[in-house]
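Note sheet for the following structure.
Numbering (this note's numbering), first residue to last: 46 to 241.
The structure is reproduced here in structure tokens:
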């Protein structure tokens, strides 16, 4: 699990916001989840990076000449309660491995303000618990249409899809399956290529 911020000066209410986040050193990467700061782990494994690179490439190629755009970490996603929230009011800033954003109004020079259409997290030993619990609830709360959890060691993808205001039962796909997105019509990914 990521380490809660120890080096940062604690605020009187114990929570941080995006305005605080902007003042932190670029030497370290952080995420904020509901005001709690988490240090990002050291550089991911080569397998993690390989999967991220392949998925990013597949998404980039599919989205050429389309309105939706894919971005890979580091890329700030600010999950605010309202699009009009000031930096001091935003208590959640995450850096998913990959995101797809179709509403160009959510993009600005600092990243994304609002929920991506697709969020991808590639599990690592230090983030696995947070990605499968806290972030699952967070992405559901903020209406991320599809949340893909990729397990590089066990070679599977769990896809959570928003059904109304909650995620439905996840779809479990192995390296031998074809991933079909409902958020991106026509996107089909042969997962054997991701682990090739």
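Beta carbons: idealized from backbone N, C-alpha and C, even for Gly. Nothing here was measured: the structure is a model prediction, and the numbers come from that model.
In whole angstroms, give me the CA-to-CA distance for residue 76 and residue 84.
Near 7 Å, if we compare the C-alpha coordinates of residue 84 and residue 76.
Let me check understanding here. Comparing Cα to Cα, which of 70, 225 and 121 lies closest to residue 193?
Restricting attention to 70, 225 and 121, the CA atom closest to the CA of residue 193 is found in 225.
Which first and last residues belong to the alpha helix (DSSP H) in which residue 114 is found?
Residue 114 -> not in any alpha helix (DSSP H); beta strand (DSSP E) instead, spanning 114 to 117.
Taking the DSSP output, what are the residues bridged to residue 219?
Bridge partners of residue 219: 201.
Decide if residue 233 is buried, meaning its Cβ has at least 16 other Cβ atoms within 10 Å, or exposed.
It is exposed - the Cβ of residue 233 has fewer than 16 other Cβ atoms within 10 Å.
Extent of the continuous alpha helix (DSSP H) to which residue 96 belongs
Its alpha helix (DSSP H) spans residues 91 to 108.
Test item: CB-CB of residue 236 and residue 187 under 8 Å:
Not a contact, by the Cβ cut-off of 8 Å.
Contact under 8 Å by Cβ, residue 206 with residue 191
When the beta-carbon positions are compared, residue 206 and residue 191 come within less than 8 Å of each other.
If you draw a straight line from the alpha carbon of residue 135 to that of residue 145, how long is it in whole angstroms?
Going from the Cα of residue 135 to the Cα of residue 145 covers about 21 Å.
What whole-angstrom Cβ distance do residue 166 and residue 197 have, given they're in contact under 8 Å?
Not quite, the Cβ-Cβ distance comes to about 11 Å (not below 8 Å), so this is no contact.
Report yes if the CB atom of residue 168 is closer than 8 Å to the CB atom of residue 176, and no otherwise.
Cβ atoms of residue 168 and residue 176: closer than 8 Å.
Over what stretch of residues does the alpha helix (DSSP H) that includes residue 191 continue unbroken?
That residue, residue 191, is in no alpha helix (DSSP H); its beta strand (DSSP E) goes 191 to 196.
Does DSSP put residue 136 in a helix, a strand or coil?
In the structure shown, residue 136 sits in coil (DSSP, three-state: anything other than H, G, I, E or B).
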